[in-house]
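What follows is one structure encoded as structure tokens, with my remarks underneath.
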Amino acid sequence: MKTSAIYPRKRIYEQIILVLLASAIPLFSFFHDLKAQNNPAVPVLSHLPEHQKLDHLSIDSLYKLGLSEKFNHPVSSKYFSRGLQLALKHNDLLNIAQGHVHLGNLNLHYREFEAAQKHFRLGCKIAKQHRFYLQQVDCLNGLGPILIIHNEHQQALSNYHRALKMARNLRNQAKICHTICQIGDFHRLQKNYAHAHEYLQKALGYARDFQLPKQAYQALAKLGILYADQKKYQSLKQCGLDALKIAQRLNDQVILSRAYNLLGIAFFNLEQFDKAIHFYKKALDYKLLTNDFDRLVILYHNIAEVYRTTYQYEEAIDYFKKSLLYAQKRGDLLASGVMLRNIGEIYHLQKQYKTAEDYLKQSQAPFDQLKSFNELCTSYKLLAKNYEAAKNFEQAYFMHIKYKQAYDSIFNNQKSEIISKIEQRYKDEKKQEVISLLKKENKLQEQKAKLQRKLRNIALVGLGLLGIVLLLFFKHYKLRSKVLQQKSLLLEKENERHISESQRLAIEQKLKQEENKQLRLELDYKNQELATSTLLIHQKTSILGNIQQELKQFQQVDPNKWQVHLDNIQKIIKENTDLEQEWKRLKVHFDQVHPRFFNTLQQQYPHLSQYDLRLCAYIRINLTNKEIGRILGVGFRSIQVAKFRLKKKIGLEKSQDLSEFIQQV
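Add 1492 to the 1-based position in the sequence shown for the numbering used here, that's all there is to it.
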């Protein structure tokens, strides 16, 4: 049984990479903190009683304990917070800044972005005031990923370059290399792959030149992600092999696990599934030695994806459930929802539709809580497919409706993001133009100063040689200064004129926008009025028809006594249900909203009847077949036949949609 229709390879790849990226953003904090693992003070401190750890330890010791427990979020946070409290109590400004750095990195790793941003900004403020440049570099680098998530891309890039400048002034090679990696990763996220490759290669060369193995591994890992984005899987494999060599030399469990995971991703996308399983399980063996639940979620997920791709569904379900368990332990709603949905998908493929339904329904709760419309959209679509396969067409239809609503929300969000990106790009371009103009102005000023120095030297030499030459030169210089001044005044006036013209054009544009907005509101109002008139006609016709039916029945009871009155009532009812008169009134409203609609149809298709034109009008205001049938007093099938005949009269192809055609008239 093939699964390509439900699980295209591109989607599987994207899920694995996206999960990898979600945990790769805070990767930098670990390279900074790994020194604590080799610190002999940490194991001794970790075996002390709990009250001694918190009450009798130094700030530095608490921070070291926090670093040693970095995979245990509550415990690590407790140590860092206690250390920060002591630093505040003793007014130890350096350790206050360092405490905010530690807490910022920890919250960033666990994707608690608001808390991370708060700590980084406080740390940056203190570090800037007291010139703690190393902590300021860490805070600026930590704020970068958060600003990217908030679509403040230019500010993020500015922070990275400020951090790089400070790191170079400090001559801290590890920080320089790490910051260059961050800039490269920034360009990768912006899909500027050429710049990303340039920076990451630069970081890798820098790390190798200064013999920084951890930073070299970081550069290789980010290069691997870049190659994965570009679908250069052979290059990704080579990065994984190089990273593995470094990890083996360092004999570090954390980066060994990540290197094997990187190789697993490479072989998975190269469709060498046995090797992919081998490397993923090697990564899992090392990761089980730590408490890093985040990576365990990813590794179990990746192994499950390989089994799902190779149709080994029972093994896939087993590993997805393990991934779900760790995601729930970690409190990761997004990962929990994805795992529940993946399990439901596999049960659907196994035709266990009830079990699939239960898991797919469970996946909706975390996505609802996160307001993740993309994920909700996928869950609704799969639920609809599952209901359809189980012959529960009513629920399938209901899920299709929910899918469409979620899809519309995604479209609106994407539209807002696109507008935001366009605005940001416009601001960036304007900023670059200003910078370019300032550079040109500086260059002109330098040239002018150089010329003045030259002229002054010539004047001094000329003064000793000949007074007449000096006098002529002085007159020439004054004349030149006057000309430059006049040109400067002319340029200022021209600049003022351009500014005034720009302001005038902006005002005109705003007025036109307001006018267009008013016209759109009027059009919406008239459309509503037209739809209301149509429904009133339908309601009136329906009521009068019911009255007529009741009177007919009453007529059969006693025809001799009430015949004359009944004839008059039936005459009135007949006059009120005259569809032609109602159509004329509707047409008057319709012509006001769409003045050229009927003229265009009659000119292009003169053979259309009044009934055809009426049908076109109802289609134009988006009435359904059922609503049109009620208005015209005919059945659903009759409307379908009428539309088919109308399509033939207009001369449309079978593949062309009649409603779309009429909407464009």
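The beta carbon of each residue, even a glycine, is placed where N, CA and C say it ideally should be. These figures come from a predicted structure and were not determined experimentally.
From the options, residue whose alpha carbon lies closest to that of residue i
i     : options                    : result
S1815 : H1793, E1806, A1808, R1833 : H1793
I2018 : E2006, L1964, K2079        : The identity of residue 2018 in the sequence shown is Lys, whereas the question assumes Ile. The shortest Cα separation from K2018 among E2006, L1964, K2079 belongs to K2079.
T1802 : Y1845, F1765, L1817, R2106 : F1765
L1712 : G1732, D1721, F1771, Q1726 : G1732
H1642 : F1612, C1669, E1606        : E1606
Q1710 : L1681, Q1682, G1676        : G1676
H1968 : R1948, L1780, Y1752        : R1948
S1550 : L1841, Q2062, A1579        : A1579
K1714 : F2082, K1767, A1735        : A1735
D1552 : K1562, G1575, N1564        : G1575
N1753 : Y1851, K1773, L1639        : K1773
V2085 : L2115, D2104, R2012, E2152 : R2012
Q1726 : I1757, L1874, F1890, D1777 : I1757
E1849 : F1865, K1863, A1888, A1819 : A1888
R2122 : I1809, I2029, Q1861, I1950 : I2029
F1771 : Q1804, L1791, L1781        : L1791
E1837 : A1857, K1873, Y1818        : K1873
A1751 : F1760, Q1740, N1761        : Q1740
K2076 : A2109, H2099, L1614, Y2097 : A2109
I1795 : D1824, N1761, K1974, G1956 : N1761
K1940 : V1961, S1973, I1950        : S1973
A1808 : Q1820, M1831, L1826, A1819 : M1831
S1864 : A1898, L2115, L1983        : A1898
K1779 : F1759, Y1571, Y1818        : Y1818
L1826 : Y1698, Q1861, L1841, L1557 : Q1861
Contact belief for residue i with residue j at Cβ below 8 Å, rounded distance in angstroms
i     : j     : result
N1633 : Y1652 : 7 Å
R1822 : V1789 : 7 Å
Q2155 : R2112 : 7 Å
F1812 : I1835 : 5 Å
I1640 : L1692 : Between L1692 and I1640 the Cβ distance is about 16 Å, and since that is not below 8 Å, they are no contact.
I1672 : A1708 : Contact flag wrong, Cβ pair sits at about 12 Å.
S1828 : R1787 : The pair is not a contact, with the Cβ atoms about 16 Å apart (cut-off 8 Å).
K1562 : L1598 : 7 Å
H1622 : L1585 : 5 Å
L1962 : L1955 : 5 Å
Q1609 : I1588 : Their Cβ separation, rounded to whole angstroms, is 17 Å, which puts Q1609 and I1588 out of contact at 8 Å.
K2141 : Y2097 : 7 Å
Boundaries (first-last residue) of the alpha helix (DSSP H) holding residue i
i     : result
A1882 : First-last for A1882: undefined, no H or E at that position.
L1755 : 1745–1761
F1624 : Taken as a continuous stretch (DSSP letters only), F1624 belongs to no alpha helix (DSSP H), as it is neither H nor E.
V1830 : 1825–1841
R2106 : 2102–2112
P1581 : Checking the displayed sequence, the identity of residue 1581 turns out to be Lys instead of Pro. Counting along the chain, the alpha helix (DSSP H) containing K1581 begins and ends at 1565–1581.
H1670 : 1665–1681
G1596 : 1585–1601
R2129 : 2128–2142
F2153 : 2150–2155
H1687 : 1685–1701
G2121 : 2117–2124
T1847 : 1845–1862
E1814 : One detail in the question is off: residue 1814 reads as Lys in this sequence, not Glu. That run of the alpha helix (DSSP H) goes 1805–1822.
R1654 : 1645–1662
S2147 : Taken as a continuous stretch (DSSP letters only), S2147 belongs to no alpha helix (DSSP H), as it is neither H nor E.
S1553 : 1551–1560
Y1772 : 1765–1779
K1723 : Segment: none, K1723 is in no alpha helix (DSSP H) and carries neither H nor E.
T1782 : That residue, T1782, is in no alpha helix (DSSP H); it is neither H nor E in DSSP.
L2093 : 2089–2096
Minimum Cβ-Cβ distance from residue i to chain B less than 8 Å
i     : result
D1900 : Of the protein chains in this structure there is only one, and it is not chain B.
Problem set entry | Stretch pair the segment 1646–1661 + the segment 1686–1696: three plus CB contacts closer than 8 Å | no
Exercise. Using 8 Å as the threshold, is the segment 1873–1885 in touch with the segment 1839–1846, meaning 3 or more CB pairs across them?
Worked result: The answer is yes - the segment 1839–1846 touches the segment 1873–1885, with three or more Cβ pairs under 8 Å.
Problem set entry | At least 3 beta-carbon pairs within less than 8 Å: the segment 1588–1600 vs the segment 1621–1635 | yes
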